[in-house]
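Quick notes on the structure that follows.
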Amino acid sequence: MPGQLKEVRNRIRSVQSIQQITKAMKMVSAAKLRRAQDAIVQMRPYAQKLQEMLQNIVSNSTGDADMSLADQRPAEKILLVVITSDRGLCGAYNMNLIKLTKQTIRKKYQEQFDKGNVTIMPVGKKGYDHFSRHNFKVNKAYRDLFLNLSFEGVQQASAEVMKEFLNKEYDIVEIIYSRFKNAVTQEFQVERFLPIPRVDSSPKAETGKQTEGKKLKADFIFEPDEVTLITELMPKILNTQFFKAILDAHASEHGARMTSMDKASDNADELLRAYRISYNRARQAAITTELTEIVSGAAALEG
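Going letter by letter, the sequence shown gives residues 795 to 1097 in the numbering used here.
Structure (C-alpha cells):
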C-alpha cells in the first residue's frame, strides 16, 4: 500500500510539471500570436485589393505589356509551395497541411506526379522532414524561411519562383497554406500563384463575391504607360501575395499551438483530479487497514 501511494504521488508531481510547461508555452504562443495577428490583419486588405487589381489588369490588358507571368501553358511541371511550421506541439496543424498537399496531388496532378514532374517546395522544417522522408521530389532552398522572417527573405523566395516559372521549369505554381481566421480556426487552402489567375467571365457565384454573370471590366488610367507600369507592378504584387500567405501561416501556427497547449493544460487538470481521487482512496484504505490491525492486536492482547 505505501508503494502504491508513492507511485500516485510521483504521477501527480509529473503531471503538475508538465502542466506548468504547457501553461508557459500557451502564454508564449499567445504573446507571439498577438504580434502575428496584427501583422496579417493589417496586411490582408492591402494584399487582397492588389490581387484584385492585378487580375483585372491581366484579364483586360490589350496593350503590348509583357504578360509572361500570366501565360497559360499545359500543366506538365508543377511546383507546390507547402507552408508548414518549424516546430511541433501545435495539434494537427502540420498534418492537415500535409494531407491537403497529398490530396491535391491525387486529385489534380496524379499524372504529373507519376512522371516525376511534381516538386514540393516546403517552407518550414516539418513539411521538409515529412516529404523528404517519404521520397517526394523536394526543393529545400527555403525550408528555413521562418528562422529569420522578413519581407526581404520572402521576396527572395518569391523572385526565385517567378524566375523558374519564366524559364519554363514549372507550368503551374500553387501555394498550400493555412488562412488565419482566429486563434481556434484556420482554413487550409490551395491558392494559385502562377500563372496569374484571370477574372472568370462565367456566370457563377463565389463565396463573398459576385461576378454578376460577366467579366469585371476595369477602366484604368495608366500613368506612366501601361507597359512600364505592369512590368514594374506585377512582380511586386506577386511578392506581396507570397508574403501574405507566409504571414497567414505564421499567425495560424501560433493560434494552433496556443489552442493545443490550452487543451493540454485542461487535460492535465483532469488527470490531476483523477490521480488525487486515486491517492485519497489509497490513503483511506491504508488508514483503514492500520486501524483494523490496531483493533485486532488490542483484542488479541485482551483475550
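Backbone N, C-alpha and C define an ideal beta-carbon position, used for all residues, glycine too.
None of these values were measured; they are calculated from a predicted model.
Separation of residue j from residue i, as counted between CA atoms
i     : j     : result
Q1078 : S811  : 26 Å
F982  : A1080 : 54 Å
H1044 : N1061 : 26 Å
K1008 : N850  : Note on K1008: pLDDT 43, under 50, position unreliable in the model; the coordinate value appears next. Going by the C-alpha atoms only, they are around 13 Å apart.
A1058 : T1086 : 42 Å
V749  : Q980  : The shown model of the chain, from 795 to 1097, leaves out residue 749, and the question about it has no answer.
R992  : V875  : 21 Å
G910  : Q845  : 31 Å
L883  : R1067 : 24 Å
A886  : T1082 : 47 Å
Q866  : N961  : 14 Å
V912  : Q813  : 43 Å
R828  : Q906  : 41 Å
K893  : E1084 : 58 Å
N933  : I1024 : 29 Å
S823  : N942  : 17 Å
G947  : S879  : 16 Å
P916  : D923  : 9 Å
L939  : R807  : 39 Å
Cβ neighbour criterion (16 or more within 10 Å) applied to residue i
i     : result
T1022 : exposed
K931  : exposed
P997  : Summary for P997: the model assigns pLDDT 46, below 50, so the residue's position carries little reliability; its value from the coordinates is reported in the next sentence. Exposed.
H928  : exposed
R1051 : buried
I970  : buried
I1015 : exposed
V835  : exposed
G921  : buried
R937  : buried
E968  : buried
A1093 : exposed
L988  : buried
A825  : exposed
I914  : buried
Q1104 : Given that the chain is displayed from residue 795 to residue 1097, the structure contains no residue 1104 and the question cannot be resolved.
D908  : exposed
Q759  : A question about residue 759 goes unanswered here, because the residues of the chain that appear run from 795 up to 1097.
P1018 : exposed
D965  : buried
Strand pairing of residue i, partner residues [DSSP]
i    : result
N976 : T979
I872 : V912 and I966
E793 : An answer regarding residue 793 cannot be provided, because it is not within the stretch 795 to 1097 covered by the chain.
V932 : I914
Three-state secondary structure (DSSP) of residue i
i     : result
F1036 : helix
E846  : helix
R992  : coil
Y1073 : helix
I877  : strand
A1050 : helix
F907  : helix
I1024 : helix
P1018 : coil
L943  : coil
S855  : coil
N961  : coil
M956  : helix
R867  : coil
A1079 : helix
G1091 : helix
G885  : coil
R937  : coil
M1055 : helix
M861  : coil
Under 8 Å between C-beta atoms of residue i and residue j
i     : j     : result
V809  : Y1069 : yes
I877  : G918  : yes
T1034 : A818  : no
V984  : G1049 : no
A935  : E963  : no
I990  : A864  : yes
L891  : S972  : yes
S1054 : F974  : no
S742  : F1036 : No answer is possible for residue 742: the residues shown for the chain start at 795 and end at 1097.
M861  : L1041 : no
Q798  : A1076 : yes
E1020 : S855  : yes
P1029 : M956  : yes
K820  : D1056 : yes
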